[in-house]
Amino acid sequence: MEKLYNVGKIVNTHGIKGEVRVISVTDFPEQRYKKGSVLILEQEKTKAVELVVASHRKHKNFDLLTFENHPTIESVEGYRDGILKVTEEQLTDLPEDEFYLHQIIGLTVIDDTGREIGKIKEVLQPGANDVWVIQRQKQKDLLIPYIADCVLNVDLEEKIVTVHLMEGLEDL
Numbered sequence: 006m007e008k009l010y011n012v013g014k015i016v017n018t019h020g021i022k023g024e025v026r027v028i029s030v031t032d033f034p035e036q037r038y039k040k041g042s043v044l045i046l047e048q049e050k051t052k053a054v055e056l057v058v059a060s061h062r063k064h065k066n067f068d069l070l071t072f073e074n075h076p077t078i079e080s081v082e083g084y085r086d087g088i089l090k091v092t093e094e095q096l097t098d099l100p101e102d103e104f105y106l107h108q109i110i111g112l113t114v115i116d117d118t119g120r121e122i123g124k125i126k127e128v129l130q131p132g133a134n135d136v137w138v139i140q141r142q143k144q145k146d147l148l149i150p151y152i153a154d155c156v157l158n159v160d161l162e163e164k165i166v167t168v169h170l171m172e173g174l175e176d177l
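Numbered by the numbering used here, the letters in the sequence shown go through residues 6 to 177 in order.
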């Protein structure tokens, strides 16, 4: 089966005309939710459903969507708590030095001397820059900011990230 990537979660309906409230997890909501875009809805106990976006608008912290052939609240009520996904083919090329989370998580991290530190287990997005959480053996996790001074090279083909551990980052 084709690999799918999360772009949002339907958390509720909105109004009576088939609109759903989505908490988005994509950096590209305008592209993912534009009219005519195809999204895959996955839910726990049902088969995946292909939905075509009919409309999109922002409301507070939510993206509000309607889907073709779903004109009423009754036609979308069952989609609550479903995860909206896209196929790998729908992913866009990113600028140099930008990556999708699924490309980064699981990569091996070495320092600039060649010493293996661990594997990236999570990416935090607290503010100005991402923070990569490195899982180490028999030590607590190491937090590395995604900045040029720390992350020297990301080799997706070799699945290796080379970092410079600035003073104070690693507590031995």
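Beta carbons are placed, not taken as given, at the ideal position from N, Cα and C, and that holds for glycine. As the structure is a computational prediction, the values presented were derived from the model and not from experiment.
With DSSP run on the structure shown, which of helix, strand or coil describes LEU177?
With a pLDDT of only 43 at LEU177, under 50, the local geometry of the prediction cannot be trusted, and the value read off the model is given with reservation. LEU177: coil per DSSP, three-state reduction.
Check whether the segment 64-79 touches the segment 10-29, counting contact only when three or more Cβ pairs, one atom from each stretch, lie closer than 8 Å.
yes
Compute the beta-carbon to beta-carbon distance between ILE115 and THR71, rounded to the nearest angstrom, for a pair I have assumed lies under 8 Å.
At roughly 48 Å, the Cβ-Cβ gap does not stay under 8 Å, so ILE115 and THR71 are not in contact.
So what's TYR10 in DSSP terms, helix, strand or just coil?
strand
So the beta strand (DSSP E) SER29 belongs to, where does it begin and stop?
24-29
Among THR113, TYR151, VAL54, ARG37, which one has its Cα closest to the Cα of GLU163?
THR113
Under 8 Å by Cβ, that's how I've got ILE139 and ILE125 pegged, so tell me the actual separation to the nearest angstrom.
6 Å
Would the segment 38-53 count as touching the segment 81-101 if we require 3 or more Cβ pairs under 8 Å?
yes
Taking the alpha carbon of VAL3 as the point to measure from, which residue in VAL156, ASN17, ASN11, VAL16 has its own alpha carbon closest?
No information on residue 3 is available, as it lies outside the stretch 6 to 177 that the chain covers here.
Pick from LYS39, ALA53, VAL30 that is closest to ASN66, judged by C-alpha positions
VAL30
Compute the distance between the beta-carbons of ASP68 and VAL16, then report whether it is under 8 Å.
no
ARG141 to SER80, Cα distance in whole Å?
48 Å
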